[in-house]
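Participant: I have a structure I would like to understand better, so I am pasting it below and will then ask my questions one at a time.
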DNA sequence: GTCCAGGTTTTTA
DNA sequence: TAAAAACATGGA
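In full-length UniProt numbering, the protein residues as written are 1 to 277.
So, in structure tokens, the structure goes:
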């Protein structure tokens with residue numbers, strides 16, 4: 001285990017809990033011993049504070065956890081930009097944006113709409129168990145778009161995804177037919193990529209932006225859900241997402257996670273709304 | 001029983 | 001255009 005100062009510094013900016021429980025992914029489970037077990041691109045991994053040095057020797061996982069990117073520097077630049085953003089970033093300095101499979105991110109955030117995180121996890125899990133390839137005892141790969149494209153709404157009933165099932169089918173068919181070319185969207189101009197995703201029935205701007213940020217690693221994408229809208233109104237009045245720069249998506253993740261864990265920041269706004277002010 | 005959840009589509013005025 | 005309502009499901 002030889003680590004030069006540079007690598008050691010970068011590892012400081014990687015915290016498992018902050019990364020895997022900040023709302024960007026739905027397939028990692030914390031074990032009793034504090035480690036995390038999950039599946040990505042058909043690979044099973046158990047990662048802990050103890051074995052992560054070894055895990056990150058593997059090129060795939062190094063990329064998955066976005067180790068090549070210097071989050072320390074990005075965080076410092078964002079912090080210099082705005083004191084509130086500095087506070088949000090400091091709350092989870094070890095958070096990193098994962099390199100998830102594009103198709104998985106697309107489906108996950110279709111399932112996420114008007115839904116809560118525990119239930120999203122359950123739906124994703126049933127989706128994988130029901131339609132994914134078995135890759136180990138109790139572990140399944142994320143189902144292929146080609147397989148899902150051949151199903152009907154009734155087939156998806158056991159997933160219990162409600163009205164979102166037909167959206168998944170629309171996504172699967174467009175992806176399987178190449179009508180939406182996810183790989184190409186990694187380099188397409190952002191507005192163009194977003195528009196392409198929004199041709200899928202059930203994908204609006206927010207789900208498209210989540211797919212871009214979490215699945216296609218478009219770090220300038222800035223998903224605006226109810227939390228982010230509230231956070232922008234309250235904490236960053238007058239600021240546009242684009243003003244956060246090329247790593248706006250990372251700023252978004254700091255703000256989202258910070259806001260969800262500090263609901264007290266928004267109680268006055270809630271009360272004002274209730275009174276009708 | 002009612003409300004809400006990392007939205008989007010459909011309906012209505 | 002813009003604002004409601006509907007959409008499935010399940011936990012609080």
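Idealized CB from N, CA, C, for every residue including glycine.
Per DSSP, which residues does residue 43 bridge with? Please list them.
Facilitator: Looking up residue 43 in the first chain gives position 43. Answer is 40, bridged to residue 43.
Participant: Under 7 Å Cβ to Cβ from residue 99, same chain only, skipping five residues before and after it: list those, please.
Facilitator: The count along the first chain starts at 1 and reaches residue 99 at position 99. Closer than 7 Å at Cβ, skipping near neighbours: 63, 64, 66 and 217.
Participant: Identify whether residue 29 lies in helix, strand or coil by the three-state DSSP scheme.
Facilitator: On the first chain, position 29 is the one that residue 29 refers to. Three-state result, residue 29: strand.
Participant: Rounded to a whole number of angstroms, what is the C-alpha to C-alpha distance between residue 158 and residue 168?
Facilitator: Reading the first chain from its first residue, position 158 is the one you call residue 158. Reading the first chain from its first residue, position 168 is the one you call residue 168. Roughly 14 Å between the two C-alpha positions.
Participant: By Cβ distance below 6 Å, which residues in the same chain neighbour residue 230 in space, the five residues on each side in sequence not counted?
Facilitator: For the purposes of this step, residue 230 is taken as the residue at position 230 of the first chain. The answer, listed in chain order, is 266.
Participant: Thinking C-alpha only, which one of 49, 76 and 55 is nearest residue 43?
Facilitator: As a working mapping, residue 43 is identified with position 43 in the first chain. Comparing Cα positions, the closest option is 55.
Participant: So, helix, strand or coil for residue 135, using DSSP?
Facilitator: In the first chain, counting from the first residue as 1, residue 135 sits at position 135. Of the three classes helix, strand and coil, the one that applies to residue 135 here is strand, per DSSP.
Participant: Hey, could you find the ends of the alpha helix (DSSP H) residue 17 is sitting in?
Facilitator: Along the first chain, one-based indexing puts residue 17 at 17. Run containing residue 17: 16-20, per the alpha helix (DSSP H) assignment.
Participant: Rounded to whole angstroms, what is the Cα-Cα separation between residue 268 and residue 258?
Facilitator: For this step, residue 268 is matched to residue 268 along the first chain. For this step, residue 258 is matched to residue 258 along the first chain. In a straight line, the C-alpha of residue 268 is about 17 Å away from that of residue 258.
Participant: If you measure between the beta carbons of residue 211 and residue 105, is that distance less than 7 Å?
Facilitator: Here the question's residue 211 lines up with position 211 in the first chain. Here the question's residue 105 lines up with position 105 in the first chain. Yes, these two residues count as a Cβ contact at 7 Å.
Participant: Report the three-state DSSP secondary structure of residue 167 (helix, strand or coil).
Facilitator: Residue numbering aside, residue 167 sits at position 167 when the first chain is read from its first letter. Correct three-state label for residue 167: helix.
Participant: Compare the Cα-Cα distances from residue 160 to each of 122, 249, 89 and 233 and report the closest residue.
Facilitator: Position 160 of the first chain, counting from 1, holds the residue named residue 160. Answer by Cα proximity: 122.
Participant: Using a Cβ distance threshold of 8 Å, determine whether the stretch 14-32 contacts the stretch 240-258, with at least three qualifying pairs required.
Facilitator: The stretch 14-32 vs the stretch 240-258: in contact.
Participant: Keeping to the same chain, check which residues put their C-beta closer than 7 Å to that of residue 143; ignore five residues upstream and five downstream.
Facilitator: Here residue 143 is taken as the residue at index 143 of the first chain, counted from 1. Hits under 7 Å: 127, 128, 131 and 132.
Participant: Between which two residues does the alpha helix (DSSP H) carrying residue 229 extend?
Facilitator: Residue mapping note: residue 229 aligns to position 229 of the first chain, counting from 1. From DSSP, the alpha helix (DSSP H) with residue 229 extends over 226-235.
Participant: Measuring alpha carbon to alpha carbon, tell me which residue in 245, 31 and 179 is nearest residue 149.
Facilitator: The sequence position of residue 149 within the first chain is 149, counting from 1. Answer by Cα proximity: 179.
Participant: Below 7 Å between beta carbons: does that hold for residue 202 and residue 117?
Facilitator: For this step, residue 202 is matched to residue 202 along the first chain. For this step, residue 117 is matched to residue 117 along the first chain. Not a contact, by the Cβ cut-off of 7 Å.
Participant: According to the neighbour-count rule (16 or more other Cβ atoms, all chains shown, within 10 Å of its Cβ), is residue 124 buried or exposed?
Facilitator: Within the first chain, the letter at position 124 stands for residue 124. Label assigned to residue 124: buried.
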